[in-house]
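K.L.:
Order-wise, the sequence lines are chains A and B. Reminder that position 16 of the first sequence reads as 16 in the UniProt record's numbering, one-by-one numbering, no gaps. Reminder that position 119 of the second sequence reads as 119 in the UniProt record's numbering, one-by-one numbering, no gaps.
2 protein chains.
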Amino acid sequence: MSPRRSVAEALGTRSAILNRSVAIASAEGLEGLTIGRLATELDMSKSGVLGHFGSKEALQLAVLDRAGEIFRAEVWEPALPVKPGLTRLRVLCEAWISYLEREVFPGGCFFVAAAHEFDGRRGAVRDAVESRFDAWRGRLRKETLRAVDAGELPEWTDPDQLVFELLGLLMALNHAIQLHHDTQAAGRARHAVQTRLGG
Amino acid sequence: MSPRRSVAEALGTRSAILNRSVAIASAEGLEGLTIGRLATELDMSKSGVLGHFGSKEALQLAVLDRAGEIFRAEVWEPALPVKPGLTRLRVLCEAWISYLEREVFPGGCFFVAAAHEFDGRRGAVRDAVESRFDAWRGRLRKETLRAVDAGELPEWTDPDQLVFELLGLLMALNHAIQLHHDTQAAGRARHAVQTRLGG
DNA sequence: CCTACCGATCGGTAGG
DNA sequence: CCTACCGATCGGTAGG
Numbered sequence: 001m002s003p004r005r006s007v008a009e010a011l012g013t014r015s016a017i018l019n020r021s022v023a024i025a026s027a028e029g030l031e032g033l034t035i036g037r038l039a040t041e042l043d044m045s046k047s048g049v050l051g052h053f054g055s056k057e058a059l060q061l062a063v064l065d066r067a068g069e070i071f072r073a074e075v076w077e078p079a080l081p082v083k084p085g086l087t088r089l090r091v092l093c094e095a096w097i098s099y100l101e102r103e104v105f106p107g108g109c110f111f112v113a114a115a116h117e118f119d120g121r122r123g124a125v126r127d128a129v130e131s132r133f134d135a136w137r138g139r140l141r142k143e144t145l146r147a148v149d150a151g152e153l154p155e156w157t158d159p160d161q162l163v164f165e166l167l168g169l170l171m172a173l174n175h176a177i178q179l180h181h182d183t184q185a186a187g188r189a190r191h192a193v194q195t196r197l198g199g
Numbered sequence: 001m002s003p004r005r006s007v008a009e010a011l012g013t014r015s016a017i018l019n020r021s022v023a024i025a026s027a028e029g030l031e032g033l034t035i036g037r038l039a040t041e042l043d044m045s046k047s048g049v050l051g052h053f054g055s056k057e058a059l060q061l062a063v064l065d066r067a068g069e070i071f072r073a074e075v076w077e078p079a080l081p082v083k084p085g086l087t088r089l090r091v092l093c094e095a096w097i098s099y100l101e102r103e104v105f106p107g108g109c110f111f112v113a114a115a116h117e118f119d120g121r122r123g124a125v126r127d128a129v130e131s132r133f134d135a136w137r138g139r140l141r142k143e144t145l146r147a148v149d150a151g152e153l154p155e156w157t158d159p160d161q162l163v164f165e166l167l168g169l170l171m172a173l174n175h176a177i178q179l180h181h182d183t184q185a186a187g188r189a190r191h192a193v194q195t196r197l198g199g
């Protein structure tokens, strides 16, 4: 009868809001995600939604966190049990290709989309997006260095150059799938990764 | 005294609206481009702005056309006097790198941004963006085929594969400049293009 | 977690 | 090209 919910219920509600938010923001962007639409789809009032976060910006940051958890589980964690260096680098690339191919987020890579939406702005959301890319780039770079140290890649390999090119392939794949619905692009991305990393 | 303008004046006004629109949409996106903001910045009424186009969608399509003219002048036309085949392909890539480096559009490549903004939607704007990418890809592909026919690239070259990889490099560069303000990325893009196309 | 509200802004129209 | 307006929606707040 009471509108007040227990802590557990409140956490469940918050989680439900974030799940729905990720789905909406993936398709419409983090700005197209509106409190009113969330409230309607969740059969809540706007203030009920907003109460869990305080502001739209705080909601957007929480959505980025949730999307990050999904990305981590889909792309990063499968590579953790794998031997560091070239093997792990290959698994990371394949996991990202698969993640794009399966459209884990219906709008394509959540962070590539967020980067394009916020790169021309300032604020906490933009900073959060940038730091996530820095972290991801750093991980690819670290595995590249390990691979060079282990003699799995030529010693003249420039890690930043290689990572730049790998990121380009992943962005081209994301673009080909989302804009052109190109089903051959994943094969091209795999082929290009193989040219650079062998396998 | 009259609010009615001559045909020449009306065309000038329309052109002024489009110039301002390109600047706004490059930074804020084609959806963030609003009639009200345009009217304020141009010291016009909203209906005065809208009268030139009829609807926001028609305005967005006209803005894409104007942006296309700029892209054409910056990237395509410099390559026209150049010998077809590998040489022209190199000039096209260099022109695009330079266009991104000089930030001809302050928000990065206008069409990459539009693709990300509209790839999850339907309608005339999305279709216009996709067909522009098809045209651009077709041009790169044609020059690649010419280069292969002329023996300037190995006969086993897969044109679609090469174009996919070149587009990836350009997207990685766009991303590095816009999100990370990375001043070394243009050099990496040039190096990667050179690895593929020689020079 | 709700209702009820705020000022601002959206795309667009009527009528001139 | 204008003024004056329309209904819808935005993020957010007061008060409970």
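C-beta atoms are modelled at their ideal positions from N, C-alpha and C, and glycine is treated no differently. What you are looking at is a predicted structure, and each value in this text was computed from that prediction instead of being measured.
#1: Comparing alpha-carbon positions, which option in A:D65, A:L92, A:P84 lies nearest P78 of chain A?
#2: Please report the distance separating the alpha-carbon of T183 of chain A from that of C109 of chain B.
#3: Could you compute how far the alpha carbon of H116 of chain A sits from the alpha carbon of L179 of chain B?
#4: Against residue 250 of chain B, what residues of chain A qualify as contacts under a CB-to-CB distance less than 9 angstroms, listed in chain order?
#5: What are the boundary residues of the alpha helix (DSSP H) that S47 of chain B is part of?
#6: Is it buried or exposed, R122 of chain A, if we count other Cβ atoms within 10 angstroms and call 16 or more buried?
#7: Using the three-state DSSP reduction, which class does F53 of chain A fall into: helix, strand or coil?
#8: Drop a sphere of 10 angstroms on the beta-carbon of W136 of chain B, count the other beta-carbons inside from all chains shown, and report buried for 16 or more, exposed for fewer.
#9: Whose CA, out of B:Y99, B:S45, B:L140, B:N19, lies closest to the CA of G36 of chain B?
#10: Cβ atoms of A172 of chain A and L89 of chain A: under 8 angstroms apart, would you say?
#11: For the alpha helix (DSSP H) containing T87 of chain A, list its first residue and its last residue.
#12: Taking CB distances under 8 angstroms as the criterion, tell me whether F110 of chain A reaches chain B.
#13: Compare the beta carbon distance of V129 of chain A and T144 of chain A with 8 angstroms and say whether it is the shorter of the two.
#14: Looking only at its own chain, which residues have a Cβ that is under 7 angstroms from the Cβ of E31 of chain A, when we skip the five neighbours before and after it?
#15: Between the beta-carbon of E165 of chain A and the beta-carbon of R196 of chain A, is there less than 8 angstroms?
#16: Nearest CA to the CA of A114 of chain B: which residue from B:L33, B:G199, B:V7?
#17: Taking 7 angstroms as the cut-off, is the C-beta of V163 of chain B nearer than that to any heavy atom in the ligand GDP?
#18: If you scan the segment 113-150 of chain B from start to end, which runs of the alpha helix (DSSP H) of 4 or more residues do you find wholly inside it?
#19: Under 8 angstroms Cβ to Cβ from A185 of chain A, same chain only, skipping five residues before and after it: list those, please.
#20: Assuming P159 of chain B is part of the alpha helix (DSSP H), what are its boundary residues?
#21: Report back the beta-carbon spacing between G107 of chain B and S26 of chain B to the nearest angstrom; my notes put them in contact at under 8 angstroms.
#22: Helix, strand or coil: which one does DSSP assign to F71 of chain B?
P.N.:
In terms of the structure at hand:
#1: The shortest Cα separation from P78 of chain A among A:D65, A:L92, A:P84 belongs to A:L92.
#2: Going by C-alpha positions, T183 of chain A is about 25 angstroms away from C109 of chain B.
#3: Cα to Cα, the separation comes out at about 8 angstroms.
#4: Past the edges of chain B, shown from 1 to 199, lies residue 250 of chain B, and the structure says nothing about it.
#5: Its alpha helix (DSSP H) spans residues 46-50.
#6: Classification of R122 of chain A: exposed, given that the 10 Å Cβ count is below 16.
#7: In the structure shown, the three-state DSSP call for F53 of chain A is coil.
#8: It counts as buried.
#9: Nearest option by C-alpha distance: B:S45.
#10: Judged by their CB atoms, L89 of chain A and A172 of chain A are not nearer to each other than the 8 angstroms cut-off.
#11: Looking at the DSSP string, the run of the alpha helix (DSSP H) that includes T87 of chain A is 86-101.
#12: With its beta carbon at least 8 angstroms from every one in chain B, F110 of chain A lies outside the interface.
#13: No; because the gap between Cβ atoms is not below 8 angstroms, this pair is not in contact.
#14: Hits under 7 angstroms: E117.
#15: Less than 8 angstroms divides the Cβ of E165 of chain A from the Cβ of R196 of chain A.
#16: Taking A114 of chain B as reference, the option from B:L33, B:G199, B:V7 with the minimal CA-CA separation is B:L33.
#17: This structure does not include the ligand GDP; it has no bound ligands of any sort.
#18: Runs of the alpha helix (DSSP H) inside the segment 113-150 of chain B: 124-149.
#19: Cβ neighbours of A185 of chain A beyond the five flanking positions: A172, L173, A176, I177.
#20: 159-180 is the extent of the alpha helix (DSSP H) around P159 of chain B.
#21: Between S26 of chain B and G107 of chain B the Cβ distance is about 4 angstroms, and since that is below 8 angstroms, they are a contact.
#22: In the structure shown, F71 of chain B sits in a helix (DSSP, three-state: H, G or I).
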